[in-house]
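First residue of the sequence shown? That's 161 in the working numbering, and the numbers climb one at a time after it. Quick reminder that beta carbons are idealized off the backbone N, C-alpha and C, glycines included.
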Amino acid sequence: MRSGFGETSEAIFLTQGYVYDNAAQAESRFVKAAHDEFTYSRYGNPTVSMFETRIAEMQGTEDAFATASGMAAVNAALFSTLKAGDHVVSARALFGSCRYIVEDILPRFAVDVTLVDGVSSEQWEAAVKPHTKAVFLESVSNPTLEVIDLQYVSELAHGVGATVFVDNALPSPLFFPAPELGADVTVYSATKHIDGQGRCLGGVVLGSRDYIRDTLETYVKHTGGSMSAFNAWILLKGLETLSLRCNAQADTAEHLANKLKNHPKLRRTIYPLLSTHPQYELAKKQMSRGGTVLSIDIDGGRDAAFRFLDALKIARISNNFGDAKSLVTHPATTTHQRLTPAQRDELGISNGLVRISAGLEDTEDLMDDVAQALDMI
Ligand SMILES: *Cc1c(COP(=O)(O)O)cnc(C)c1O
């Protein structure tokens, strides 16, 4: 969308509010604002709207709503839909804050939550009941990269009239077509691949026009988790290079996974499109590529993992993924520290597990860096 100046790059509309030509125009906009009419930037903003339109078109959903962060998106998606007495079934391998929402916050509001092992069809089948209102899952889990059979779970959930919510952040908007495989509502942390250069937070919820405008938007505009115009502008620019970046990063992740799969210092190398992955066939069916992230389980536990991290020269220790810079994470002591050792065991998060998010550095340089750091253990 261009202003009257015909600018090449989209404009940033850094404005809180909007003025009206006359009182009647203000009145009519409050009754019903058209897509390109705005009243207040917590409700909507032209730059934010450009980001929403672009990502909805890329994902093939009717509409999208942008939020201040990925967690604002997850929160809004669930809380705009659920009420006391509802039953939710959720996979238990979740990003820490998502798990906090389903395990700690929802029950406080009398929402009944059943956690299941997301890769077990039997557990989904036993947990989804005629009164189940929603199911929630991460398409590819973090950091053990388990792949969920979304088509199966969606059919099961739709059979009882439940809404399927998918947090699709880990595989990026490119490699796991959640809306096509049955997700009614798809959520992204735009902080990850969509920005992809470590600058700003953002989130987005995608779904049908009715759900986005009647349910989700109403909730967010009154509770305040809207995206800022400045962040929307950065993320809009991110979408222009998303495919180039993610494909280049996936090339590197795939290369690393193949090179590391028989490494003597590793107990295992996890990457969805590696033939040794436990859901390899399913991953091949659902994913166009294996993604930008791989995990390695280093023999020797925490000490060996720390020596590896500390010896890296290119890849940096951080807790993010999807960035143009390669980032490595030790989940057991950082992102998943809050869980008990038993809960971590249940999720396969061992003390030697390291997550590697491949960036845009030269593939061979990064491979050499990982190899020399493994030698240093
Ligand atoms: C990072 C992440 C989030 C939260 O996103 P923020 O933008 O940090 O709020 C939610 N889910 C998954 C799977 C994530 O990786």
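About 19 Å separates the CB atoms of residue 433 and residue 486; that is not less than 8 Å, and the two are not in contact. Remark: the shortest separation between the CB of residue 447 and any heavy atom of ligand 1 does not fall under 6 Å. Taking all protein chains shown into account, residue 242 has 16 or more neighbouring C-beta atoms within 10 Å of its C-beta and is therefore buried.
Here residue 274 is not near residue 320, since their CB atoms are 7 Å or more apart. Distances from the CA of residue 378 to each of 199, 240 and 272 were compared; the closest alpha carbon is that of 240. Burial of residue 489 is indicated by the presence of at least 16 other C-beta atoms within 10 angstroms of its C-beta.
Here residue 247 is buried, its C-beta having at least 16 other C-beta atoms within 10 Å. With 16 or more other Cβ atoms inside 10 Å of its own Cβ, residue 409 counts as buried. If you draw a 10 Å sphere on the C-beta of residue 445, you find fewer than 16 other C-beta atoms in it, and that means exposed. Short note on residue 361: C-beta closer than 6 Å to some heavy atom of ligand 1. Here residue 310 has 299, 326, 338, 341, 342, 343 and 446 as same chain residues with Cβ atoms under 7 Å from its own Cβ, once five neighbours each way along the sequence are excluded.
Listed in chain order, the non-local C-beta contacts of residue 186 below 7 Å within the same chain comprise 180, local neighbours out to five positions each way being set aside. Between the alpha carbons of residue 479 and residue 494 lies a distance of about 7 Å.
DSSP assignment within the segment 477-501 yields the following whole beta strand (DSSP E) runs of 3 residues or more, N-terminal first: 487-489. When beta bridges are read from the DSSP output, residue 430 appears opposite 455. Beyond the five residues adjoining it in sequence on each side, residue 462 comes within less than 6 Å, by CB distance, of 511 in the same chain, given in chain order.
Rounded to the nearest angstrom, the Cβ distance from residue 363 to residue 228 is 7 Å, consistent with a contact under 8 Å. Here the segment 358-373 lies against the segment 213-230, with 3 or more beta-carbon pairs under 8 Å apart. Within a 10 Å sphere around the beta-carbon of residue 482 sit 16 or more other beta-carbons, which makes this residue buried. Each of 421, 531, 303 and 237 was checked against the Cα of residue 324, and the nearest Cα belongs to 237.
DSSP places residue 314 in the helix class (H, G or I) of the three-state scheme.
For residue 419, the enclosing alpha helix (DSSP H) has its first and last residue at 389-420. Considered as a whole, the segment 283-342 harbours 292-298 and 323-327 as its complete beta strand (DSSP E) runs of no fewer than 3 residues, in chain order. The criterion of a C-beta distance shorter than 7 Å is not satisfied by residue 202 and residue 388. Contact check for residue 253 against residue 416 fails: the beta carbons are separated by 7 Å or more. Taking every protein chain shown into account, the CB of residue 192 has fewer than 16 other CB atoms within 10 angstroms, so this residue is exposed.
Annotation: the continuous beta strand (DSSP E) that includes residue 516 extends over 513-517. Judged by their CB atoms, residue 230 and residue 351 are nearer to each other than the 7 Å cut-off. Distance from the C-beta of residue 230 to the nearest heavy atom of ligand 1 is below 6 Å. Annotation: the continuous beta strand (DSSP E) that includes residue 249 extends over 247-251. Within the segment 194-260, the complete alpha helix (DSSP H) runs of at least 4 residues fall at 206-219, 230-241 and 256-260.
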